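Asks:
Numbering (my numbering), first residue to last: 1 to 256.
The structure is reproduced here in structure tokens:
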């Protein structure tokens, strides 16, 4: 349909993508009635930035943009087309100790299969200062167009590693100095606010319904639970994307 495999839409995500990773953008489609305005219009400013970066800009009618972005998407008159997703290597996610980004903070996902949940987690991880996200290669969502859409562009701004074996990846992280935390309501799990958020951490979250698998859980150094209000467990636990956001926020709160 378009000149790429994936799309990012919306003025904010596309502007950030062009500023940070212009080489990843194959083309930008814009609604001409916005693209031709003064640069005070964010879409017109994107056109200027894209052309300055050597990115092809093409006018498209709103219905074409609607179709490219998908149902109910708020594209604001701009869609960027990208090529296949480039995964990072696991060690590249871990920052150097004492760096400007603070102690390492990663998120590892154990069997999260819904691309919308993956996208939401990528968005929270980026906004809350995580250095990267780890996903399994098999029986888990990959960074597809659906995940990229749900991430609102964050999939292009945060490093994602895809690993063949999550347990081995967690062992490798331990060797790199990280503490592994299973965010799971297991017996003996401590409230997440009692963790030392200043440590280099990898938060491990499991799939909806099944949680963190026992073998993966045994590879973790700590187990932490996000407390709910008393008597509110009748509807089950938090959605995995919500749990990731809450856990990341708690670590960021401590580090601030």
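Glycine included, C-beta positions come from ideal geometry on N, C-alpha and C. Bear in mind the structure is a predicted one, so any value in this text is a computation, not a measurement.
For residue 63, which option in 79, 221 and 136 has the closest C-alpha, if you only look at C-alpha atoms?
Replies: 79
Asks: Taking 8 angstroms as the threshold, find out whether the region 185–202 comes into contact with the region 92–111 through three or more Cβ pairs.
Replies: yes
Asks: For chain C, check one thing: does any of its Cβ atoms lie closer than 7 angstroms to the Cβ of residue 27?
Replies: No chain C appears in this structure, which consists of one protein chain only.
Asks: For residue 115, which of helix, strand or coil comes out of DSSP?
Replies: helix
Asks: For my contact list, residue 156 and residue 192 are in at a C-beta cut-off of 8 angstroms; report their separation, rounded to the angstrom.
Replies: 29 angstroms between Cβ atoms; not a contact.
Asks: Where does residue 117 land, buried or exposed, given buried means 16+ other C-beta within 10 angstroms?
Replies: buried
Asks: Enumerate in chain order the residues of its own chain whose CB-to-CB distance from residue 84 is below 7 angstroms, with the five nearest sequence positions on each side excluded.
Replies: Around residue 84: 5.
Asks: Please list the segments of the alpha helix (DSSP H) lying wholly inside the region 130–191, counting only runs of 4 or more residues, in order along the chain.
Replies: 145–150 and 166–175
Asks: With three or more beta-carbon pairs closer than 8 angstroms as the criterion, would you say the region 142–160 touches the region 108–125?
Replies: yes
Asks: Tell me whether residue 66 sits in a helix, a strand or coil according to DSSP, three-state version.
Replies: Helix.
Asks: How would you write the range of the beta strand (DSSP E) that residue 50 sits in, first residue to last?
Replies: Looking at the DSSP string, residue 50 is not in any beta strand (DSSP E); the run it does join, the alpha helix (DSSP H), is 42–52.
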